[in-house]
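In the working numbering, the protein residues as written are 6 to 567.
Ideal Cβ positions, reconstructed from N, Cα and C, are used throughout, including at glycine.
Shown next, in C-alpha cells, is the structure this report addresses.
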Amino acid sequence: MTAFPTDDIQNVPRQRGPQPPAPGNGGDDNEIELGALWQGVRRRLPWILLTAALAGGVVYVWSRSQPSVYVASSSLVTSGNVNVGGNSLITAAPLPPGALQEALQGPVVLGSIIKQVQNTPQFSASQRAALSTDLQKELQRQSLSTIELQTRLDSQGNGVYTVSARGPTPQAAAALTDIAADALLSWDRGRALSVIQRAQASLRAQAASINTQLAAGDLTDVERQTLITARAGVQRSLAEAGIQVVGLAGYLQRVAPAVAPLDRVSPRPTRNAILAGLLTLLLGSGLAVLRVIMDRSVRSEEDLLNFGLPTLGTIPRLRKRDIVLSGIVRAARQAGLYEAIGFLRVNLLSQLPRKTSLCVLVTSTSPGEGKSSLTATLADSFAASGQRVLIIDADLRRGTQQEVWDKFEREHHWTQLAGQEGGARSFQDALRQPGNVQVMEVEPQVHVLPSGPGLHDSLPLLNQSDLGSILPQWSQGYDLVLIDSPPLLSLADSLVLGRHTDGVLIVTEEGKTSLQTVRQLLRRARQGGLPILGFVLNKVTVSSRNSQNYGYSYTPRRTDNR
C-alpha cells in the first residue's frame with residue numbers, strides 16, 4: 006500500500022479536510038447569463054430549424070392548393086357645381102366622412118351589386134354563384150372583404166375614393182370593380198335626383214292648389230290675374246326642374262374604368278413559406294429562451310460554486326453507442342473523459358486529509374445522474390496511477406457496479422477481503438458477517454464488493470452494523486475505498502454511511518439536477534454532519550461553454566527519425 010503523492014498537485018488550494026458549505030441560499034439562481042441563453046437555444050437549434058422547415062413546407066403546399074385571387078381597382082373623384090354658359094348644373098351635396106363606406110355595405114348599394122353580378126355575362130355560372138354567396142354573407146355580417154373602399158380626402162372633403170374588388174380571374178376582378186363603381190355613382194346621382202324630385206312634387210302641389218282656386222267663381226279680377234301669374238311661375242319652375250334632371254350630375258365622377266391585373270395577390274407560396282419559417286424560428290427560439298429562463302437546473306460550474314463548495318471535476322458526456330459497445334470504463338479510456346477524470350482525481354486528493362488509506366462516499370441527489378459510472382471510472386484512474394482501490398456498492402436497492410464491470414470483463418477472480426477462505430460476496434451479506442468477505446477483482450488494483458440482490462428496507466441492516474469498525478477493517482491494504490451509495494435525497498442510507506468516511510462527493514448532472522435539490526441535499530448533509538468535499542458536474546455536453554474538450558486537442562507530438 007502506498008501513500009498518496011501530493012507534490013504533483015498544481016494550481017489547487019491546499020486544504021486540510023473538507024470545508025463546510027458556506028451559509029446562505031446558494032446564490033441567486035434567478036440570474037440568467039446571455040451565454041446560458043445562447044447555449045439553451047443552440048442545444049435546441051436543430052429541432053427548431055427542422056420545425057421551421059416543416060412549417061414552411063406545409064404552408065407552401067397549402068398555399069399552392071388555394072384558389073388564385075386577383076385585385077382590380079378604379080378611382081372616383083369628388084366634383085363641385087359646374088357652370089355652363091353662366092348657369093350652374095345641380096350636383097349632389099358633399100359627402101360627410103364615412104358616408105360612402107356605409108352606403109357601400111348597405112342593402113341598397115350592395116344589393117344592387119349582387120343583382121348586377123347575377124346578370125353579368127363576364128362571370129361564369131360558378132363564379133356568379135360564388136360571388137353572390139360571398140357578397141350576401143358579407144352584407145349580413147356588415148363586413149366587406151370582397152369589395153373595399155379607400156379614401157384620400159382633404160379637410161374640405163375633396164379627394165379620391167379608390168374602389169377595389171377581388172376576383173378569381175383578372176377579368177372577373179375588373180368586372181366586379183366596375184359594377185361596384187357604377188353602383189356607387191348611381192347611388193350618388195340618386196341623391197341629387199331625389200332633391201329635384203321633391204322640388205317637382207312641391208311645385209305640382211302648388212300648381213294644383215292654384216288651379217283649384219281659379220276654378221272657384223268668387224274671385225275678383227285682380228285675384229284671378231295674380232293666381233294666373235303665380236301659376237305661370239310655377240309652371241316655369243317645373244319646366245326648369247325637368248331640364249335640370251337631364252343635366253343632373255352626382256358629387257362623384259369616375260376617373261377611369263378598372264383594368265384587368267396581370268399578377269395575383271394571393272396565394273404567394275414562396276412568401277408565405279418564408280414568413281411561416283421565420284415565424285416558427287422566432288417562436289421556437291423564444292420558447293427555448295423561455296425554457297432556459299424557467300429552468301432552475303445546474304447549467305454550469307458557476308451555479309455550483311454559488312453554494313460555497315468547489316467543483317472538483319467537469320465530466321464530458323459519452324456517446325451512448327460507445328457505452329453500449331465497450332462499457333463505461335473502456336469508453337472513458339478512449340474518449341476525453343479519461344483526462345477529465347484525471348483532473349477530478351488530482352482535485353479530490355487536494356480536499357482529502359494526507360493519510361495512507363482514505364474512504365470517500367459518492368452520492369447524488371436523484372437516480373440517473375451517473376454516480377455509479379463515475380465511481381468506476383474514478384477507480385480505474387486511481388488504479389492507473391498505481392493505487393489499490395476498493396469499490397463498495399452500498400446501493401442495496403439498485404446496485405449497478407456488477408453490471409458496470411461485467412461490461413469490462415465477464416470473468417472475474419474473487420479474492421479474500423477479510424477472513425481466511427470463502428465468505429460473503431455481497432455488501433448486504435458482508436454486513437451480516439463482516440469477518441469473512443470476498444471481493445471481485447475486476448482489474449489489477451481494483452476490487453469490487455457488489456451490493457447483492459435488491460433489498461427493500463436497507464436502513465435497519467446499516468443501523469445494526471458497526472460501520473465504524475467494519476469500514477476501517479476492510480480498508481486495510483487499500484489506498485482508497487470508494488463507496489457507491491444511494492442518492493442522498495432518496496434514501497437515508499448515505500447519511501448513515503457518510504459519517505464514517507473521510508469525505509462525500511456529490512455528483513450532479515448538467516441540465517437535469519435542479520438547484521433546489523442541491524440546496525436540499527446540502528441542508529440534509531449539514532444536519533447529518535457529513536464531510537462534503539465538493540461537486541462533480543457530470544454529463545456535460547461537448548458544445549457547452551463550460552466543458553473542456555479533454556484530450557482531443559492536446560495530443561502527443563510525433564517525431565520522425567530519418
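- Using a Cβ distance threshold of 8 Å, residue 401 and residue 349 do not count as a contacting pair.
- Residue nearest to residue 447 within the set 457, 459, 52, 420 is 420 (criterion: CA-CA distance).
- It is roughly 49 Å from the alpha-carbon of residue 145 to the alpha-carbon of residue 238.
- Annotated as distal: residue 515 and residue 494, with beta-carbon spacing of 8 Å or more.
- By the 16-neighbour rule on beta-carbons within 10 angstroms, residue 445 is buried.
- The shortest C-alpha to C-alpha distance from residue 154 to any of 209, 106, 236, 180 is the one to 106.
- Beyond the five residues adjoining it in sequence on each side, residue 428 comes within less than 6 Å, by CB distance, of 441, 442, 443 in the same chain, given in chain order.
- Here the alpha carbon of residue 167 sits roughly 57 Å from the alpha carbon of residue 229.
- With fewer than 16 neighbouring CB atoms inside 10 Å of its own CB, residue 55 falls in the exposed class.
- Under the three-state reduction of DSSP, residue 123 is assigned to helix.
- Non-local beta-carbon contacts of residue 499 in its own chain, meaning distances under 7 Å to residues more than five positions away in sequence, involve 366, 368, 490, 491, 493 in chain order.
- In this structure, DSSP gives residue 166 an extended state, which the three-state scheme calls strand.
- In this model, residue 130 and residue 290 are separated by some 49 Å (Cα to Cα).
- Residue 57 is classed as buried because its beta carbon has at least 16 other beta carbons within 10 Å across all chains shown.
- Just measuring C-alpha positions, the residue of 270, 521, 276 sitting nearest residue 64 is 276.
- Taking the CA atoms as reference points, residue 47 sits about 15 Å from residue 300.
- Look at residue 432 here: in three-state DSSP terms it is helix.
- The C-alpha of residue 197 lies about 10 Å from the C-alpha of residue 191.
- Counting along the chain, residue 544 sits inside the beta strand (DSSP E) bounded by residues 537-545.
- Here the C-alpha atom of residue 123 lies approximately 8 Å from the C-alpha atom of residue 134.
- Residue state for residue 490 is assigned as coil, using DSSP reduced to three classes.
- Distance from the Cα of residue 484 is smallest, within the candidate group 474, 503, 507, for 507.
- Of the residues assessed, residue 461 falls on the exposed side of the cut-off, its CB having fewer than 16 other CB atoms within 10 angstroms.
- Classified as buried, residue 374 has 16 or more neighbouring CB atoms from the shown chains inside 10 Å of its CB.
- In the three-state DSSP reduction, residue 443 falls in the strand class (E or B).
- Contact annotation: the segment 351-361 does not touch the segment 409-426, with fewer than three C-beta pairs closer than 8 Å.
- Taken in chain order, the complete beta strand (DSSP E) segments of 3 residues or longer contained in the segment 442-483 are 442-448, 451-454.
- For residue 45, the CB contacts under 6 Å within the same chain, skipping 5 residues up- and downstream, are 293, 297 in chain order.
- Taken through DSSP and simplified to helix, strand or coil, residue 267 comes out as coil.
- Collapsing the DSSP output to three states places residue 75 in a strand.
- Comparing C-alpha distances from residue 180 to each of 505, 162, 266, 149 shows the shortest one belongs to 266.
- Per the C-alpha coordinates, the member of 503, 539, 505, 463 positioned closest to residue 513 is 539.
- Among the bridge pairs identified by DSSP, residue 410 is matched with none.
- Per DSSP, the unbroken beta strand (DSSP E) holding residue 398 starts and ends at 394-398.
- The alpha-carbon separation between residue 391 and residue 384 amounts to approximately 11 Å.
- Here residue 455 is buried, its C-beta having at least 16 other C-beta atoms within 10 Å.
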